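Each remark here refers to the structure printed beneath this line.
Protein chains in written order, with the numbering used here: chain W, 641 to 798; chain L, 110 to 437.
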């Protein structure tokens with residue numbers, strides 16, 4: 641998470657961004673790994689990346705990444721609400737990011753529920769959550785690049 | 110099949126998908142009825158099968174309208190490591206000794222010793238219809254899906270033929286046909302490679318109150334179908350009274366296809382031909398068990414984040430209070 645203010649009072653302003661980007665990278669990589677593309681396009685042939693063609697491995701790592709990012713989201717939200725909001729406020733770009741992240745999270749939760757034994761969703765609903773989870777991630781990437789170019793961070797000093 | 114028709118077919122398919130859910134709610138005959146939405150399972154008694162292939166022929170006849178009619182020539186695939194899977198010529202369509210896009214049920218043979226006598230046994234093999242099917246769980250598009258009555262189907266208008274379902278299936282059941290499906294309308298050379306096909310346990314017939322064709326046409330009553338708990342109870346009765354062995358009750362976390370055999374499945378497994386389109390009788394652990402356990406951890410993660418954050422905020426507030434106190 642970036643700040644448009646000088647990060648001096650909160651250590652979170654230093655490490656939130658790399659942690660968030662790392663988690664997004666892992667989730668994005670393993671999420672795209674759910675499609676049969678890494679073997680087809682020789683990426684899994686690169687030494688050390690063979691696991692990208694193992695659908696079960698990428699699935700487990702995706703779940704582990706989701707567990708960590710769930711904890712991270714709650715931690716970040718409480719830190720902002722409890723500590724930072726007196727000095728900072730969220731930017732418009734932050735609200736857009738949060739909305740997309742919420743949609744990814746909600747569709748992701750439904751996907752996890754779908755994979756549990758004894759949970760059966762209708763075929764149409766299953767297809768909608770499967771495709772929208774991917775689509776929202778694409779939106780996040782597009783908006784992420786756009787905000788990076790426009791230099792729109794998450795926080796602005798009050 | 111023109112591109113326009115394919116798109117229309119896709120929309121139609123979505124409606125069919127919605128209808129399939131409703132269809133799974135349609136009242137079934139007593140023989141195939143599921144109590145309170147319980148899954149239907151089949152029990153295949155290997156001792157009764159004579160290998161006549163009546164089930165194979167019945168399956169092919171009633172499901173013929175679902176079989177692929179690919180467009181040729183096939184799109185050139187990039188990169189060229191992506192191989193065409195084509196069973197659509199006359200010879201391919203006639204294959205019966207393995208699973209193919211045109212043969213969703215095959216008969217396996219094994220020579221084993223039963224009660225001290227060398228005996229040739231045969232048995233139908235098809236999709237096991239897992240209770241928690243990895244093919245449906247891990248399909249990126251929702252093309253493979255499990256219905257409430259325990260049937261797993263692959264929707265041919267949505268499937269891109271990436272073969273992931275076959276890779277994650279412990280029995281390598283789904284089979285690919287190139288040159289058919291929605292991938293032709295998207296990026297035919299770069300993504301997808303046809304459609305995956307497998308037994309759908311005649312879900313459309315069940316929805317109309319009919320029996321799956323393989324069960325209806327079997328002259329030896331090799332298979333029975335019913336609510337899963339009744340099928341499991343019947344399999345256990347056969348174990349107790351007749352000393353048979355069960356397969357499918359716990360494999361991959363439980364399937365809706367149970368076998369009973371006069372010999373252990375390790376013996377049967379060693380005696381059958383294995384290879385592409387020829388499922389094994391391996392002992393299969395629950396492929397989704399690890400994911401199910403991790404799903405539980407997802408409930409704890411936000412609480413852990415909350416606890417850590419509250420601690421941090423409390424500490425920071427206390428520090429701020431101390432500093433204010435010192436300053437005053």
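All residues carry an ideal CB built from backbone N, CA and C; glycine is no exception. This structure is a prediction, so every number in the text was calculated from the model and none was measured.
- In this structure, DSSP gives residue 300/L a state outside helix and strand, which the three-state scheme calls coil.
- Taking 8 Å as the upper bound for CB-CB distance, residue 210/L and residue 284/L are in contact here, some 5 Å apart.
- Contact note: residue 401/L reaches chain W through 755, 756 and 757, using a C-beta cutoff of 8 Å and chain order.
- Under DSSP, residue 335/L takes part in a beta bridge, and its partners are 150/L.
- For residue 661/W, the closest Cβ of chain L is not nearer than 8 Å.
- If you look at residue 319/L, you'll find it isn't in any beta strand (DSSP E); DSSP assigns it neither H nor E.
- By the C-beta density criterion, residue 410/L is buried, having at least 16 other C-beta atoms within 10 angstroms.
- Taking 8 Å as the upper bound for CB-CB distance, residue 731/W and residue 773/W are not in contact here, some 26 Å apart.
- One thing to note: residue 369/L has its Cβ within 8 Å of the Cβ of residue 344/L.
- Put simply, of 357/L, 212/L, 387/L and 365/L the residue whose alpha carbon is nearest the alpha carbon of residue 374/L is 357/L.
- For residue 279/L, no Cβ of chain W is located within less than 8 Å of the residue's own Cβ.
- Neighbours of residue 246/L in chain W, taken as residues at a C-beta separation under 8 Å, are given in chain order as 754 and 755.
- Three or more beta-carbon pairs separated by less than 8 Å are not found between the stretch 245 to 263 of chain L and the stretch 703 to 718 of chain W, which leaves the two stretches without contact.
- Considering only 309/L, 190/L, 230/L and 228/L, the residue with the shortest C-alpha distance to residue 173/L is 309/L.
- In the structure shown, residue 772/W falls within a helical segment according to DSSP collapsed to helix, strand and coil.
- Excluding its 5 nearest sequence neighbours in each direction, residue 663/W has C-beta neighbours in its own chain below 7 Å: 705, 708, 709 and 712, listed in chain order.
- Chain L has a Cβ within less than 8 Å of the Cβ of residue 722/W.
- Per the coordinates, the alpha-carbon of residue 693/W lies some 7 Å from the alpha-carbon of residue 673/W.
- Counted as a single uninterrupted DSSP element, the alpha helix (DSSP H) harbouring residue 735/W occupies residues 732 to 755.
- Per DSSP, reduced to three states, the secondary structure at residue 158/L is coil, with no helix or strand assignment.
- Going by DSSP, residue 220/L is part of no alpha helix (DSSP H) but of the beta strand (DSSP E) stretching over 215 to 223.
- Look at the stretch 329 to 414 of chain L and you find these whole runs of beta strand (DSSP E), each 3 residues long or longer: 332 to 336, 354 to 356 and 366 to 370.
- Taking each of 170/L, 302/L and 161/L in turn and checking the Cα distance to residue 195/L, the smallest one comes out for 302/L.
- Straight-line measurement puts the Cα of residue 386/L at about 19 Å from the Cα of residue 175/L.
- Residues of the stretch 668 to 681 of chain W with a Cβ closer than 8 Å to any Cβ of chain L, in chain order: 674, 675, 676, 677, 680 and 681.
- Not a single CB atom of chain L sits nearer than 8 Å to the CB of residue 654/W.
- Neighbourhood of residue 341/L in chain W, by CB distance below 8 Å: empty, with the nearest CB roughly 15 Å away.
- With its beta carbon less than 8 Å from one in chain W, residue 415/L belongs to the interface.
- Of the other Cβ atoms in all chains shown, fewer than 16 fall within 10 Å of the Cβ of residue 665/W; this residue is therefore exposed.
- In this structure, residue 392/L sits away from residue 152/L, with a CB-CB distance that is not shorter than 8 Å.
- Here residue 296/L is exposed. Its C-beta has fewer than 16 other C-beta atoms within 10 Å.
- Residue 149/L is not a Cβ neighbour of residue 314/L, given a cutoff of 8 Å.
- Proximity to residue 288/L across 349/L, 355/L, 193/L and 234/L peaks at 193/L, based on C-alpha coordinates.
- Residue 347/L and residue 187/L do not touch by the CB rule: their CB atoms are close to 53 Å apart, not below 8 Å.
- Taken in chain order, the members of the stretch 764 to 787 of chain W whose beta-carbon sits within less than 8 Å of a beta-carbon on chain L are 764, 766, 767, 768, 769, 770, 771 and 774.
- Only those residues of the stretch 684 to 706 of chain W whose C-beta falls short of 8 Å from the nearest C-beta of chain L are listed: 695, 696, 699, 700, 703, 704 and 706.
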